[in-house]
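The block underneath contains the structure these notes are about, expressed in structure tokens.
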Amino acid sequence: MLISELVGVEEWGGVGGRPFVVYKYAATLDGRIAAADRTSQWITSPESRAEVHALRAACQATVVGSGTQRADDPHLAVRSGRDDPRLRVPVQVERQPWRVVVDTEARTPRGARVLDDVAPTLITVAEDADARHLEDAATVVRLPRAEDGRGLRLDALLGALGERGVRGMFLEGGPTLAASFVSAGLVDRIIAYIAPALLGDGKSALQGGSITTMADILRCDLLDVARSGPDVRLVARPRR
Ligand SMILES: NC(=O)c1ccc[n+]([C@@H]2O[C@H](COP(=O)([O-])OP(=O)(O)OC[C@H]3O[C@@H](n4cnc5c(N)ncnc54)[C@H](OP(=O)(O)O)[C@@H]3O)[C@@H](O)[C@H]2O)c1
């Protein structure tokens, strides 16, 4: 599949005017996306990680939750073939996508890697959060809190991204934020990189959320299976 097919560009106009949401994660054969001590770098191979830069570049925003920001301090910008000759997919970056942290209480520290000037950054916080330390380093967007008390309202997040020209949103986790997106019926595409490895403990690709019994299982249609270096890449579409 072409990069544009992987992120479902042809379907972007078909989700009711909101951004199309692509959830990508890297997991082991036993479905873990992090070890018990919360470390997760790196589960998959350099080839898979290089391909992820091309996927990011094909979307207009790369989004993570505050838990991932704290655990991994990710940079989230697209690395291009010019910056890194090891990239298997030669990434062309015309314009860096937004880097987005969904951070209700504005706990992203001032020294976070995502706050450098390589790409634009948007930190979404609650209307009453104290985000003064972030205001000169990022675009701070205030959103209403979710009614169930779990973070921020995802429809408002998608609205804020749509207003900034985002048509394809690349969700890089973590599992708590992704589970909220799945529970809200807001994941349109799943791209899973599965490494031939076992971790035995640690978080799985979704944590929490509304699926608790077999009657609620969310079946997906498998769109593609391919090898990515030593890993396997699966592309699926949740059934609605
Ligand atoms: N292998 C992979 O592909 C991969 C990818 C990413 C992360 N990880 C791993 O995942 C772990 C972190 O996962 P995590 O579950 O703690 O963090 P997460 O999903 O990145 O962030 C969860 C946090 O986001 C905030 N949030 C704001 N609005 C939300 C909403 N509507 N729904 C849910 N959350 C919302 C909440 O905190 P506040 O409300 O306090 O802001 C919530 O606790 C780390 O170990 C990391 O290494 C692995």
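Counting from 31, one number per residue, gives the positions in the sequence shown under this note's numbering.
No residue lacks a Cβ here, since even glycine has one placed at the ideal position from N, Cα and C.
Residue pairing by DSSP puts Ser-234 in a beta bridge opposite Arg-62. If you draw a 10 Å sphere on the C-beta of Ser-96, you find 16 or more other C-beta atoms in it, and that means buried. The beta carbon of Thr-206 sits closer than 7 Å to those of Gly-95, Gly-97, Gln-237, Gly-238, all from its chain and outside the five residues before and after it, given in chain order. For Thr-154, the beta-bridge partners assigned by DSSP are Val-132, Val-171. The shortest C-alpha to C-alpha distance from Pro-226 to any of Val-144, Leu-201, Ala-235, Val-262 is the one to Val-262. For the pair Val-155 and Val-196, the Cα-to-Cα distance works out to about 18 Å. Going by DSSP, Ile-73 is part of no alpha helix (DSSP H) at all; its letter is neither H nor E. In the displayed model, Leu-36 falls within a helix according to three-state DSSP. For Pro-268, the uninterrupted beta strand (DSSP E) segment begins and ends at 261-268. Residue state for Ser-258 is assigned as strand, using DSSP reduced to three classes. Between Arg-175 and Arg-183, the C-beta spacing is below 8 Å. Relative to ligand 1, the nearest heavy atom lies less than 7 Å away from the CB of Val-132.
Relative to ligand 1, even the nearest heavy atom lies 7 Å or more away from the CB of Ser-78. Ligand 1 approaches Glu-202 closely enough that one of its heavy atoms is under 7 Å from the residue's Cβ.
Between Ala-159 and Thr-138, the gap from beta carbon to beta carbon reaches 8 Å or more. When C-alpha distances from Tyr-55 are compared across Arg-143, Ile-241, Val-217, the shortest belongs to Val-217.
Under the Cβ criterion (8 Å, minimum of three pairs), the segment 183-192 does not count as touching the segment 73-88. Residues Thr-58, Asp-60, Arg-62, Ala-65 of the same chain have their beta carbon placed closer than 7 Å to that of Leu-229, with the five preceding and five following residues left out of the count.
Only exposed fits Trp-72, as fewer than 16 other CB atoms lie within 10 angstroms of its CB. A residue is called buried when at least 16 other Cβ atoms come within 10 angstroms of its Cβ; Asp-102 meets this threshold and is buried. Distance from Arg-129 to Leu-106 at the Cβ level is roughly 4 Å; contact confirmed, criterion being Cβ atoms closer than 8 Å. Ala-149 and Ser-258 have their C-alpha atoms roughly 27 Å apart. In this structure, Gln-90 has its beta carbon at no less than 7 Å from each heavy atom of ligand 1. Residue pairing by DSSP places Arg-219 opposite Val-52 in a beta bridge.
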